[in-house]
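Trainee: Residue numbers (my numbering), protein chains in the order written: chain D, 116 to 369; chain V, 15 to 374. Backbone N, C-alpha and C define an ideal beta-carbon position, used for all residues, glycine too. Input: one structure, supplied below.
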Amino acid sequence: MTANAVLEVAGVTKRFGNHAALDTVSFAVQEREVVALLGDNGAGKSTLVKCISGIHRPDQGSIYLEGSPVAGQDSGIGVVYQDLALFDNMSVAENLFAGREPCWPRFPRGFGLVKRRTMLDEARRTLHRLEVKIPNLKTPVGLLSGGQRQAIAVSKGIAFARRIVVLDEPTAALGIRERTNVLRLVRQLPEAGIAVILISHNLEEVIAVADRAVILRQGKMVGEVAATAENHETMVSLIVGGSLPLINGKTGQE
Amino acid sequence: MVELKKPALGSTLVSGHPEPDGTTQASQRRSMALTVALRLIAAGPLLVLLCIWLVFSLLSPYFLSTSNVTNILVQSSSVALLALGALVVVMVGSLDLSLGSTVGLCTIVGAVIFRDYPSLGWFVIPLLLLIGLAIGIVNALCIVSLRIGNAFIVTLGMLYVIQSLSYVVSGGTQVPGVPNHVIALANESLFGIPGPVLLVIACGGLLWLLLNRVAWGRWIVAIGGNRDAASKVGIPTRKVLFSVYIIASVFAAVTGILVAGLNNSGTVDNGTSILQAIAAVVIGGASLTGGRGSVWYTVVGAVILGSITNGLTLLSVSPNWTPFAIGAVLVAAVGLDTLRTSVEGKLRIRQAQIQAGGAV
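Next comes the structure, spelled out in structure tokens:
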């Protein structure tokens, strides 16, 4: 166990039938660190995210959050999914709290009344802290713009992250200006004491915001390098494996 | 790519339109007008009901009399109750076609128990609720746990199975006579309000509380909106879905108790009552793809159907035309709802623009 590791992935293997989606993957994320998780489609990134967030249980190995094993989905790891995982038919506030509504009474889970006032106040405070501007928190999310929806998804992930947040392609569907804003937000997180795992296909983006890059290929971890411009080529070759199919200095990715 | 190494604190994530220095009164007034317009549009089913009542009251002076309105409400009560059960399933984007057969089976079991073991009459209501619970569990096991197939097919099969059981239990005929307290529930009044109406209000109130205020009910709505997302945020989707079929069947059992009391007999359901209930749900503005629906507008939907039947009878129109009118209203209601959704969307975007102080 590393001294300051917020999250440690220790020898995690996950099989679906005969196919090993993850094969003894190990790495650690230190406090206030932004770690990029790189890999081609099917490299095992999404499976790893699901293991970290508690949706999948690893077949072998364990995941530790601040030294204790991750169990279930309420472990304090915030996840922002590629497809945003929003409910278009529900309000902004409800989306932020979906699955963990403040309830009275709190037990048994799900049987209490939702404390709507508390939820609205907390939602307003969270969005204010993250400087996300939504005029009316009772608006159904389906009626918001793409950028606003993304902002809510990211806020939701961050709001419940005590120490670490996983961002799965947070900028994939965004325009340039919205992308810049989301990345700026990602960059603020370490200052607030929250470590970040960033999944991205965009190496420029990774170099701009990440400290370190962990590279997966066919379920195996094949490299771990500092996310600097000098290592750009190294990262590309690790992602695609073997010799580089370089075309005009760019790969087929992106 | 922009250089982002230096964290820029105080940045704004969503760069909407800048706050206007002074929001003009005109745009405030426009925002108010839009809010009113949105409220009106959202009240669609109620407006349809008022239109229908207006037309019938012009054609027949007797239509809006207290006794006839009471009649309409009592006649609509069984469809309304069953529709509330159907609504729960529709909320998650599914259907339960077996609910009507469950109503029939419950009326028959109630009547047969009373005929063969009159001393066990007190036990009829709890027994019927248990039957509803059991059928709900079977449905849920097949659909949610065993994942046999889609709910439409599984519950279509269950429709036949339960109907067949009803014939077996009843011997294929109507069974007259049910316990006195069941008759009382359906035929007596409290504070001048008929029992069936009170029953609908009570059950509707409970369901409203569940779907709008209780976390479990919000999860039902969330699953209807986006099932994938629901499991990702940690909602126990399978447990919630399981409960949905049970709640629906228990509502069907309550409907069965009511119908038995109203008819003072047990009758096999011919399979059309669930179709009426689903029609009421749709006329009440629910979306069959899930996530959108209202308890009280579902009741309004049932009252719309009841008003049409009642009004046409008052006007001495041949009952052969009643299904025609119901079908036409159903299609019109769905068309109106589609129109409503698109207009509503446009208005809301407009409202958001005005609130954000954007270009008008």
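Check whether chain D comes within 8 Å of Arg354 (chain V), counting only Cβ atoms and requiring the distance to be less than that.
Mentor: No, Arg354 (chain V) lies away from the interface with chain D (no Cβ there is under 8 Å from its Cβ).
Trainee: Starting from the beta carbon of Val282 (chain V), find every residue of chain D whose beta carbon is closer than 7 Å, and list them in chain order.
Mentor: Within 7 Å Cβ-Cβ: nothing; Val282 (chain V) doesn't reach chain D, min ~37 Å.
Trainee: May I have a chain-ordered list of the alpha helix (DSSP H) segments no shorter than 4 residues that lie completely inside the region 84 to 162 of chain V?
Mentor: Counting only runs of 4 or more, we get 113 to 130, 138 to 154.
Trainee: Is there a C-beta anywhere in chain D that falls below 8 Å from the one on Gly359 (chain V)?
Mentor: Gly359 (chain V) counts as touching chain D.
Trainee: State the start and end residues of the unbroken alpha helix (DSSP H) segment that holds Glu237 (chain D).
Mentor: 231 to 244 is the extent of the alpha helix (DSSP H) around Glu237 (chain D).
Trainee: Report yes or no: do the region 342 to 350 of chain V and the region 119 to 139 of chain V share at least 3 C-beta pairs separated by less than 8 Å?
Mentor: The region 342 to 350 of chain V is not in contact with the region 119 to 139 of chain V.
Trainee: Less than 8 Å between CB atoms is the rule here; does Ile279 (chain D) satisfy it with respect to chain V?
Mentor: No, no contact with chain V.
Trainee: Which stretch, first to last residue, makes up the beta strand (DSSP E) that contains Ala158 (chain D)?
Mentor: Per DSSP, Ala158 (chain D) belongs to no beta strand (DSSP E) and is neither H nor E.
Trainee: Taking the alpha-carbon of Thr162 (chain D) as reference, which of D:Asp283, D:Ile309, D:Ala325 has the nearest alpha-carbon?
Mentor: Closest option to Thr162 (chain D), Cα to Cα, is D:Asp283.
Trainee: The beta strand (DSSP E) spanning Arg252 (chain V) covers which residue range?
Mentor: Looking at the DSSP string, Arg252 (chain V) is not in any beta strand (DSSP E); the run it does join, the alpha helix (DSSP H), is 251 to 277.
Trainee: Which chain V residues are close to Asn346 (chain D), counting only those with a beta carbon under 9 Å from its beta carbon?
Mentor: Residues of chain V passing the Cβ test: none, with the nearest at roughly 15 Å.
Trainee: Answer yes or no: does any C-beta atom of chain V fall closer than 8 Å to that of Glu126 (chain D)?
Mentor: In the sequence as presented, Glu is not what sits at residue 126 (chain D); that position holds Gly. It does not: the Cβ of Gly126 (chain D) has no partner Cβ on chain V nearer than 8 Å.
Trainee: Is the beta carbon of Trp219 (chain D) less than 8 Å from the beta carbon of Gly227 (chain D)?
Mentor: In contact: Trp219 (chain D) and Gly227 (chain D) (Cβ atoms closer than 8 Å).
Trainee: With distances taken from CA atoms, which of V:Val254, V:Val273, V:Ala229, V:Asn164 is nearest Phe222 (chain D)?
Mentor: Closest by alpha carbon: V:Ala229.
Trainee: Are Arg292 (chain V) and Val343 (chain V) close, meaning C-beta to C-beta below 8 Å?
Mentor: Looking at the sequence provided, one finds Ile at residue 292 (chain V) rather than Arg. Against a cut-off of 8 Å, the Cβ pair of Val343 (chain V) and Ile292 (chain V) comes out as no contact.
Trainee: Checking contacts by CB at 8 Å: is Ile261 (chain V) closer than that to chain D?
Mentor: Chain D contact via Cβ: absent.
Trainee: Helix or strand or just coil, what does DSSP make of Ser356 (chain V)?
Mentor: Helix, per DSSP.
Trainee: Give the range of the beta strand (DSSP E) segment to which Gln145 (chain D) is assigned.
Mentor: Residues 134 to 145.
Trainee: For the region 240 to 264 of chain V, list every residue whose C-beta sits within 9 Å of some C-beta in chain D, in sequence order.
Mentor: The residues in question are Asn240, Asp242, Ala243, Ala244, Ser245, Lys246, Val247, Gly248, Ile249, Pro250, Lys253, Val254.
Trainee: Using a Cβ cut-off of 8 Å (strictly closer), state whether Leu153 (chain D) contacts chain V.
Mentor: Cβ-Cβ to chain V under 8 Å: no for Leu153 (chain D).
Trainee: Got a sec, what are the start and stop residues for the alpha helix (DSSP H) Asp242 (chain V) sits in?
Mentor: 241 to 246 is the span of the alpha helix (DSSP H), which, as asked, contains Asp242 (chain V).
Trainee: Within its chain, find whatever has a CB closer than 8 Å to the CB of Ile322 (chain V); leave out the 5 residues flanking it on each side and keep chain order.
Mentor: So the qualifying residues of the chain are Ile66, Thr336, Ala339, Ile340, Val343.
Trainee: For the beta strand (DSSP E) containing Thr128 (chain D), list its first residue and its last residue.
Mentor: Run containing Thr128 (chain D): 120 to 131, per the beta strand (DSSP E) assignment.
Trainee: Would the region 136 to 155 of chain D count as touching the region 334 to 353 of chain D if we require 3 or more Cβ pairs under 8 Å?
Mentor: Touching, per the Cβ criterion.
Trainee: To the nearest whole angstrom, what separates the beta carbons of Leu318 (chain D) and Met350 (chain D), a pair I think is in contact under 8 Å?
Mentor: Leu318 (chain D) to Met350 (chain D), Cβ: 6 Å. Contact.
Trainee: Could you give the first and the last residue of the continuous alpha helix (DSSP H) run that contains Tyr196 (chain D)?
Mentor: Segment: none, Tyr196 (chain D) is in no alpha helix (DSSP H) and carries neither H nor E.
Trainee: Given Ala262 (chain V), which residues of its chain have a CB within under 7 Å of its CB, disregarding the five upstream and five downstream residues?
Mentor: Correct list, in chain order: Gly99, Ala100, Val102, Val103, Asp110, Leu113, Gly150.
Trainee: For the beta strand (DSSP E) that contains Tyr311 (chain V), what are its first and last residues?
Mentor: Segment 309 to 328 is the alpha helix (DSSP H) holding Tyr311 (chain V); no beta strand (DSSP E) there.
Trainee: Kindly list the residues whose CB is nearer than 7 Å to the CB of Arg364 (chain V), restricted to its own chain and excluding five residues on each side of it in sequence; keep chain order.
Mentor: Excluding positions up to five away in sequence, the list reads Leu48.
Trainee: Is the beta carbon of Thr116 (chain V) closer than 8 Å to that of Ala216 (chain V)?
Mentor: No, these two residues do not count as a Cβ contact at 8 Å.
Trainee: Can you check whether the CB of Asn296 (chain D) is closer than 8 Å to the CB of Pro255 (chain D)?
Mentor: Their beta carbons are not under 8 Å apart, which means Pro255 (chain D) does not touch Asn296 (chain D) by this criterion.
Trainee: Of the residues V:Leu223, V:Pro193, V:Leu179, which one's Cα is nearest the Cα of Thr187 (chain V)?
Mentor: If we check each option's Cα against that of Thr187 (chain V), V:Leu179 comes out closest.
Trainee: Identify the continuous beta strand (DSSP E) that holds Ser177 (chain D) and give its terminal residues.
Mentor: First-last of the beta strand (DSSP E) with Ser177 (chain D): 175 to 180.
Trainee: Mind reading off the beta-carbon distance from Asn277 (chain V) to Gly191 (chain V)? Whole number of angstroms is fine, and I expect it under 8 Å.
Mentor: At roughly 10 Å, the Cβ-Cβ gap does not stay under 8 Å, so Asn277 (chain V) and Gly191 (chain V) are not in contact.
Trainee: Near Arg129 (chain V), what residues of its chain come up, given a Cβ to Cβ distance below 7 Å and the 5 sequence neighbours on each side ignored?
Mentor: Counting only Cβ-Cβ distances below 7 Å, and skipping sequence neighbours, we find Val189, Gly191.
Trainee: Could you confirm whether any beta carbon from chain D is found closer than 8 Å to the beta carbon of Ala51 (chain V)?
Mentor: Closer than 8 Å: no.
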